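Encoded as structure tokens, the structure appears first; notes follow it.
Numbering (my numbering), first residue to last: 2 to 140.
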């Protein structure tokens with residue numbers, strides 16, 4: 002468990018530092034990485050390209066781990082994420098990653114799931130729901 006958590010923390014730290022500090026050590030060569038909003042990367046070289054290219058367009062401000070859950074060859078990590086893109090647009094959301102490990106403790110599969118941080122009660126003022134008139138982000 003400690004080695005897996007160390008690798009996940011290193012992956013998150015790489016985004017904060019905007020440096021590849023060991024992608025080859027963390028991910029299996031045939032990894033499948035799925036972002037919460039749809040893009041999917043099929044192999045370690047593509048993950049490395051995406052990491053380098055994305056960091057030219059934006060900055061991860063924070064990616065804080067809240068907790069880990071482990072079961073057999075799987076780990077779930079709950080986190081909070083915030084970024085700022087070069088166009089000054091910022092995003093922040095809560096999320097989890099579902100990770101499947103190889104026997105060598107490399108990430109074989111990683112799927113991110115996001116949740117809007119800006120929550121509200123649509124029934125706050127009565128039995129009929131009142132929803133915000135805003136663009137819905139599907140994480």
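Glycine included, C-beta positions come from ideal geometry on N, C-alpha and C. This one's a predicted model, so the numbers in the text were calculated from it and none came from an experiment.
Could you pull out every residue in the same chain whose Cβ sits closer than 6 Å to the Cβ of residue i, ignoring the five residues on either side in sequence?
i	result
residue 97	77, 79 and 114
residue 134	none
Does the beta-carbon of residue i have 16 or more other beta-carbons within 10 angstroms, so that it is buried, or is it exposed?
i	result
residue 38	exposed
residue 48	buried
residue 70	exposed
residue 34	buried
residue 82	buried
residue 32	buried
Using a threshold of 8 Å, state whether the C-beta atoms of residue i and residue j are closer than that.
i	j	result
residue 127	residue 85	no
residue 118	residue 93	yes
residue 65	residue 19	no
residue 27	residue 108	yes
residue 29	residue 10	no
Grab me the residues of residue i's own chain with a C-beta within less than 7 Å of its C-beta, minus the 5 sequence neighbours each way, in chain order.
i	result
residue 116	94, 95, 96 and 140
residue 6	69
Could you say which of the options lies nearest to residue i if we only look at CA atoms?
i	options	result
residue 63	75, 3, 14 and 9	14
residue 72	23, 53, 100 and 40	100
residue 4	40, 31 and 106	106
residue 22	129, 132, 75 and 8	8
residue 41	102, 111 and 74	111
residue 54	87, 123 and 137	87
residue 50	67, 61, 131 and 24	24
Fully enclosed by the region 31-72, which alpha helix (DSSP H) runs are 4 residues long or longer?
45-58
What are the uninterrupted segments assigned as alpha helix (DSSP H) that are 4 or more residues long and contained completely in the region 78-121, given in chain order?
none
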